[in-house]
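Residue numbers (full-length UniProt numbering): 1 to 326.
Think of the CB as a built atom: it goes at the ideal place given N, C-alpha and C, for glycine as much as any other residue.
Scroll down for the structure; my scribbles are underneath it.
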């Protein structure tokens, strides 16, 4: 009788677990990698308040995040990217099914700035400053990393910042010394009175060990920690959230200050990738602004909107780290 009673209780518990699982509503979020740390805390807080909702977050570079929806036809309820311009450029177009656009609107919610992140193990960690960072990174023995600009907003922003730094410090060779000379095929850099145009090869590959490229900026963190690179172009919030050292760059080049937007626009990056020809493969230097959108084919748009509102309030109140609110 006792064995039967225990077995009955076990079956009831299992049935209860199955019922709760079946009743849970899943909200699928695809996000820029730089949002993953705050999202982990925001997700936990939201699920504590809404035990009937399961928030599932997946991280990618911003371009790759959108392509999960537009190219791979995966169903997500909420898309978060680190460049608001990517949403109209990549999602305001007709879906493959012909049933409307991928998205019709977006909500800007945060800003950030590009910094140079490093650790105690980085070469010249005790020497680098806000005044000499570009000289340190240009040294041949110093290894630097940035994310793939074809996949991630932080990647093309790293190129923009480096090109703007060349102008700011009066060194036209800086881009080539730090990055251009270490990519094969080479990136084409054209300078004029109107600004700087960087045209990337269709396939971006490092040559030698000076430069390392990863699919997203967060994937550079393991390289930094292991000493595979000395410095990485990162968002300030990522460096802070992961306990790294960082160098703040001049506001004239770090893509964070509205007063210098005209200067940021002087540089553009042509991704050089045929996949983007039907959209817009030219990224123009702009103030860093994050944005959120609910795709038109979202399975749970109402729950996605509720979670998005909760997230926006958390970002606005600076509760869980992450980028600064707009």
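In summary, residue 210 is buried, with 16 or more beta-carbon neighbours lying within 10 Å of its beta-carbon over all protein chains present. Between residue 75 and residue 299, the C-beta gap is smaller than 9 angstroms, which places the two residues in contact. Among the bridge pairs identified by DSSP, residue 126 is matched with none. For residue 27, the uninterrupted beta strand (DSSP E) segment begins and ends at 25 to 32. The Cβ atoms of residue 303 and residue 25 lie closer than 9 angstroms to each other. For residue 185, the number of other beta carbons within 10 angstroms of its own is below 16, and it is reported as exposed. Rounded to whole angstroms, the Cβ separation of residue 103 and residue 295 is 5 angstroms, and the two are in contact under 8 angstroms. Here the C-alpha atom of residue 232 lies approximately 32 angstroms from the C-alpha atom of residue 77.
The C-alpha of residue 236 is placed about 6 angstroms away from the C-alpha of residue 113.
Looking at 308, 319, 314 and 323, the one whose alpha-carbon comes closest to that of residue 106 is 308.
Judged by DSSP secondary structure, residue 146 falls outside any alpha helix (DSSP H) and instead within the beta strand (DSSP E) spanning 144 to 147. CA-CA distance, residue 222 to residue 168, rounds to 31 angstroms. Around the Cβ of residue 70, a 10 Å sphere holds 16 or more other Cβ atoms; the residue is buried. Its chain contains 265, 266, 267 and 268 as the residues whose beta carbon lies nearer than 8 angstroms to that of residue 195, once the 5 sequence neighbours on both sides are disregarded; these appear in chain order. With respect to the C-alpha of residue 23, the residue from 140, 50, 263 and 145 having the closest C-alpha is 50. Taken in chain order, the unbroken stretches of beta strand (DSSP E) that lie wholly in the stretch 219 to 262 and span 3 residues or more are 231 to 235 and 245 to 248.
CA-CA distance, residue 204 to residue 150, rounds to 8 angstroms.
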